[in-house]
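For the record, in the sequence shown the residue sitting at position 16 is 21 according to this note's numbering, with numbers rising by one throughout. Built from N, CA and C at the ideal position, the CB exists for glycine as well. Being a predicted model, the structure only gives us computed values, none of them experimental.
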Amino acid sequence: MAAIAIIDEKTIKISVDLEDALSMIAEAESNLEQYASEILMIAEKMPEFQYTYFCFYAYDTAMLFEKMLGIDPKQYLSFSLDAPDSFFYTLYGGMKGLSGMARLSSVLTAEHTGMEVNQG
């Protein structure tokens, strides 16, 4: 599971593995409505990172990431993420697999609240 090393009061190093990606997928699937926008963004943007990296904070998709970690990395000025390619491949595959249901959830939520949804 995720390991967090506190380097100093301003810096942490996060290490994740395949099991963490599976945990993120399970959490996303269990709370589809809550994470729908993150699922869609990860599925859409991860190919730009050749499926082996992703900047969760660049796209406001860190809620699921932070849930898996159990901490808020933004409390620190600097953090690094050490993850094998299998973490990112699995995360992408899971998010891509959930993206159809997430898109439907977004549309249904928007219809319920009267908001427009970009179905891009």
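| Item | Value |
| --- | --- |
| Close Cβ partners of Ile12 (< 7 angstroms) along its chain, the five nearest in sequence each way excluded | Lys18 |
| Collapsed DSSP secondary structure at Ala67 in the structure displayed | helix |
| Met73 versus Tyr56 - alpha carbon distance | 19 angstroms |
| Inter-residue spacing [alpha-carbon to alpha-carbon] between Leu69 and Lys50 | 16 angstroms |
| Three or more C-beta pairs below 8 angstroms linking the region 71-90 and the region 18-29 | yes |
| Candidates Lys15, Tyr81, Ala7, Ala67: closest to Tyr40 by CA position | Ala67 |
| Leu82 - DSSP class collapsed to helix/strand/coil | coil |
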